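Student:
Shown next, in the form of structure tokens:
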């Protein structure tokens, strides 16, 4: 009788464990709402930028891309603060970025300035879109293996901001895109190629939001005031400086390595 008890007990316990796991798994199915709301907002802003550009509202289109960048910067922080990171959220964020920072800037630039260049125009826009998609795919693959202090290649939100603020500045000044079409084509294609380059750009991820000295808060207030003096000009200048500094640092390190 004792032997029979030993042979029948384990299957019963195993069945109960599996049944409990199935009940637990079913109970926890779903996605985290708060961070994915920010991601959805960024996706909507990118979609709005495309629609606005199709209707000739280029300032609104540029603002849509800028708003997408702000929301994209917030969703990851919200997920970490609320401990709601998930693989679904990471994949959804990447797809949203492809629309907001890849397709939208390319189409906005094409609608504003590149359509008059014919094949060269859509080629420049497509180079940007394709490079943005490749940049995001490479980032997803290398995210766990690279130095968190630096991005390899120009970050897609910065590339999108460069294109968006260029369109915003031109549209706000009454400049016709057709008058600067070749410059826009160079900037758009160049931003795309920088995204898939090996140039290192500082990520500033070592700086965390928390208790900071009073001088830091004062500096942030002054920075906001400067931006609001002329938002498109200041933001475009900041994007260009970020791009140039990254290029100069990479050239300096390359020259230093060759000299050594």
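In our numbering, the protein residues as written are 1 to 260.
The beta-carbon is built from N, C-alpha and C at its ideal position, and this holds for glycine as well.
Since the model is a prediction, treat every value here as computed from it, not as a measurement.
(1) When you compare the CB positions of residue 236 and residue 166, do they come within less than 7 Å of one another, or not?
(2) What did DSSP end up calling residue 264 once you bin it into helix, strand or coil?
(3) List the whole-angstrom C-beta distance separating residue 99 from residue 154, where the pair is believed to meet the contact cut-off of C-beta under 8 Å.
(4) Grouping DSSP H, G and I as helix and E and B as strand, with all else coil, what is residue 175?
(5) Please classify residue 89 as buried or exposed, where buried requires at least 16 neighbouring CB atoms within 10 angstroms.
(6) Considering just the uninterrupted stretch of the alpha helix (DSSP H) at residue 58, what are its terminal residues?
(7) Using the rule of at least 16 other Cβ atoms within 10 Å of the residue's Cβ for burial, across every protein chain shown, is residue 241 buried or exposed?
(8) Whose CA, out of 135, 46 and 174, lies closest to the CA of residue 112?
(9) Could you pull out every residue in the same chain whose Cβ sits closer than 6 Å to the Cβ of residue 61, ignoring the five residues on either side in sequence?
(10) Could you check which residue in 214, 74, 131 and 101 has the C-alpha nearest to that of residue 65?
(11) Exposed or buried, what is residue 195 when buried is set at 16 or more other beta-carbons lying within 10 Å of its beta-carbon?
(12) Determine the contact status of residue 45 and residue 162, defining contact as a CB-CB distance below 7 Å.
(13) Identify which residue in 79, 157, 149 and 234 has its Cα closest to the Cα of residue 104.
(14) For residue 168 versus residue 59, is the C-beta distance shorter than 7 Å?
(15) Assign residue 179 to one of two classes, buried (16 or more other C-beta atoms within 10 Å of its C-beta) or exposed (fewer than that).
Tutor: The answer reads as follows:
(1) yes
(2) This structure leaves residue 264 out entirely; the chain is present only between 1 and 260.
(3) At roughly 18 Å, the Cβ-Cβ gap does not stay under 8 Å, so residue 99 and residue 154 are not in contact.
(4) coil
(5) buried
(6) 58–81
(7) exposed
(8) 174
(9) 49, 52, 53 and 108
(10) 101
(11) buried
(12) no
(13) 157
(14) yes
(15) exposed
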